[in-house]
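J.: Numbering (our numbering), first residue to last: 1 to 179. Ideal Cβ placement from N, Cα and C applies to all residues, glycine included. Just so it is clear, the structure is predicted and the values come from calculations on it, not from any experiment. This is the structure I have questions about; it appears just below.
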Amino acid sequence: MRGGKMKFTIQKFSSAFLIVFLFVTNVQAQEVPSTGRSNSVTLDFNNNNYKALKRMREFIDEGKFQRAADRASRFIKSNNNNLRNGSSMTPATLEAYNILCVANTSLGQVEDGMEACNESIKNTPNSWESLKSRATLYYMTQDFKSSLSDFESALANSPNGAISDVLKQNIGVVKSKVQ
Numbered sequence: 001m002r003g004g005k006m007k008f009t010i011q012k013f014s015s016a017f018l019i020v021f022l023f024v025t026n027v028q029a030q031e032v033p034s035t036g037r038s039n040s041v042t043l044d045f046n047n048n049n050y051k052a053l054k055r056m057r058e059f060i061d062e063g064k065f066q067r068a069a070d071r072a073s074r075f076i077k078s079n080n081n082n083l084r085n086g087s088s089m090t091p092a093t094l095e096a097y098n099i100l101c102v103a104n105t106s107l108g109q110v111e112d113g114m115e116a117c118n119e120s121i122k123n124t125p126n127s128w129e130s131l132k133s134r135a136t137l138y139y140m141t142q143d144f145k146s147s148l149s150d151f152e153s154a155l156a157n158s159p160n161g162a163i164s165d166v167l168k169q170n171i172g173v174v175k176s177k178v179q
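Below, the structure is given as structure tokens:
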């Protein structure tokens, strides 16, 4: 997959729209820190997992997307080794997949980002964060119908407040592209 990677170039999209999407993708973590919750339910992580996930989100907030992607990949690989021993995928691993999706999206690594988003959504289909991340990827690849569908699903599963307002704004922008 690495050899035939689709590259995203900022010149393809209006800068105003990208700012809104990047705000939702990156600043969202500052407004509502991601600790593995979905639909406002906080999951119980051990202290080491929480610290690792928090640091990955900090890298995203600081614009250090490659470091976030590298850490998330190592975290996932380490935790997936436990799957061979009969364990199920942990909520922390699912959150790491979403972090990897966001980091790869920000790096313009669309195929890798989509793979990470799909893995997260496969295991947590109602995660508004993962749906939002994949919606952004679909928008970047100009698959506006899929983007709209994921943004609407993210809105339906999101907590109320500022998050819903930003998702509604993004839905409006994508609807203008579909028509």
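Measuring alpha carbon to alpha carbon, tell me which residue in Ala162, Asn160, Thr105 and Pro159 is nearest Ala135.
T.: Among Ala162, Asn160, Thr105 and Pro159, the Cα nearest to that of Ala135 is on Thr105.
J.: Here's the rule I'm using: 16 or more other beta-carbon atoms within 10 Å means buried, otherwise exposed. How should Gly183 be labelled?
T.: Given that the chain is displayed from residue 1 to residue 179, the structure contains no residue 183 and the question cannot be resolved.
J.: Could you check what DSSP says for Gln169 in three-state terms: helix, strand or coil?
T.: Looking at Gln169 - three-state DSSP - the assignment turns out to be helix.
J.: Is the beta carbon of Ala154 closer than 9 angstroms to that of Ala103?
T.: No, the Cβ-Cβ distance between Ala103 and Ala154 is not below 9 angstroms.
J.: Alpha carbon to alpha carbon, how far is Cys117 from Ser164?
T.: Distance between the alpha carbons of Cys117 and Ser164: 20 angstroms.
J.: Taking just the CA atoms, how far does Ala162 sit from Gln169?
T.: Each residue's Cα considered, the two are about 11 angstroms apart.
J.: Unbroken alpha helix (DSSP H) runs of length 4 or more, entirely within the stretch 124-169: which are they?
T.: Complete alpha helix (DSSP H) runs here, min 4: 128-140 and 144-157.
J.: What did DSSP end up calling Gln179 once you bin it into helix, strand or coil?
T.: Of the three classes helix, strand and coil, the one that applies to Gln179 here is coil, per DSSP.
J.: Round the Cβ separation of Phe59 and Ala68 to the nearest angstrom and send it over; I've been treating them as touching at under 8 angstroms.
T.: Rounded, the Cβ-Cβ distance is 4 angstroms, consistent with contact.
J.: For my contact list, Thr141 and Val178 are in at a C-beta cut-off of 8 angstroms; report their separation, rounded to the angstrom.
T.: About 14 angstroms; that fails the 8 angstroms criterion.
J.: May I ask you to report which of helix, strand or coil DSSP gives Glu62?
T.: In this structure, Glu62 counts as coil in the three-state DSSP scheme.
J.: Can you tell me which of Phe151, Ala96 and Lys175 puts its alpha carbon nearest to the alpha carbon of Ser78?
T.: Among Phe151, Ala96 and Lys175, the Cα nearest to that of Ser78 is on Ala96.
J.: DSSP three-state label for Met89, please.
T.: Here Met89 sits in coil by DSSP.
J.: Which same chain residues, not among the five before or five after Pro33, have their C-beta less than 8 angstroms away from its C-beta?
T.: Only weak support exists for where Pro33 lies, its pLDDT of 37 falling under 50; the value from the coordinates is given anyway. Lys54 and Arg57.
J.: Have a look at Asp143 and Val174 and give me their C-alpha separation to the nearest angstrom.
T.: Those two C-alpha atoms are separated by around 10 angstroms.
J.: Mind reading off the beta-carbon distance from Ile121 to Leu131? Whole number of angstroms is fine, and I expect it under 8 angstroms.
T.: Correct: roughly 7 angstroms between the Cβ atoms.
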